[in-house]
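Engineer: Pasting a structure here, questions to come.
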Amino acid sequence: WFNSFNETIGKNNDISSRVKALGTNASTRGHSLLSVNNVITSYPQGEELRRDALLIPIPINNNISSDPICVDNVTVPIFFENLELTIVGPTKRNLDKLLKDWKDWLNKQDAEIEQIDYYSAGMTDRSIPNISSIMFIAKAESKQILFTGDGRGDHLIEGLQQLNLLDRNGKIHVDILKVP
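Residue numbering for the sequence shown follows UniProt numbering, starting at 1 and increasing by one per position.
Structure representation (structure tokens):
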């Protein structure tokens, strides 16, 4: 399963073209922002992975009828023989916020490039939002593994709460917790 940039927050908007243009605008003004370089480098990786999977062909998001994969779109467990998978993150709300964060981030980078204020550019927060990782619980033979991907803890808790998977103390038991 895979939530690509274009399938999660790049659909039906100008973010993809803005990301591509950002590198051009920065370089033509002689301005190199580390965050811009990181986006230009990392953005295509997910899309390349998706294209490669289509060429092999590997089923993408098999057994799931909607993109993106999120708690709101996949509300029941998915079974592969004796393996049960429950999507616990991200939520639609997380992805909507991610879209807003990307737009804000792009606006901020555009403004920095326009100003070419090298001192300020070096001091600003350049973190790039990436919270579209699929988080899920795999169950087989009474054992559970929680896969968190690159997801944030608060988003994981939100998904677990939305699915009523937490006990009355706000906890869940898993046999294995897989973190990045």
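Just so it is clear, CB atoms sit at the ideal spot from N, CA and C, and this is done for glycine as well.
I need the boundaries of the beta strand (DSSP E) containing Gly89, first residue and last residue.
Structural biologist: 83 to 89
Engineer: In angstroms with no decimal places, state the Cα-to-Cα distance between Leu85 and Asn61.
Structural biologist: Between Leu85 and Asn61, the C-alpha separation is close to 13 Å.
Engineer: Use the C-beta contact count for Leu54: other C-beta atoms within 10 angstroms, 16 or more gives buried, fewer gives exposed.
Structural biologist: exposed
Engineer: Just checking my contact of Ile134 with Ile69 at CB under 8 Å: how many whole Å lie between their CB atoms?
Structural biologist: 5 Å
Engineer: Kindly indicate if chain D contains any beta-carbon less than 9 Å away from that of Lys100.
Structural biologist: The chain inventory of the structure shown lacks chain D, comprising one protein chain alone.
Engineer: Quick one: residues in its chain with C-beta nearer than 8 Å to the C-beta of Thr91, no 5 flanking neighbours on either side, listed in chain order?
Structural biologist: Cys70, Val71, Asp72, His155, Glu158, Gly159, Gln162
Engineer: Inspect the beta-carbon positions of Gly149 and Pro180 and report whether they are closer than 9 Å.
Structural biologist: yes
Engineer: For Pro77 and Asn63, I'd like the C-alpha separation in whole angstroms.
Structural biologist: 11 Å
Engineer: Between the Cα of Asn94 and the Cα atoms of Val74, Leu166, Gly151, which residue gives the shortest distance?
Structural biologist: Gly151
Engineer: Using a Cβ-Cβ cut-off of 7 Å (strictly less than) and excluding sequence neighbours within five positions of Tyr118, which residues of its own chain qualify?
Structural biologist: Confidence at Tyr118 is low in this model, with a pLDDT of 41, below 50, so the placement of that residue is unreliable and no value is reported for it.
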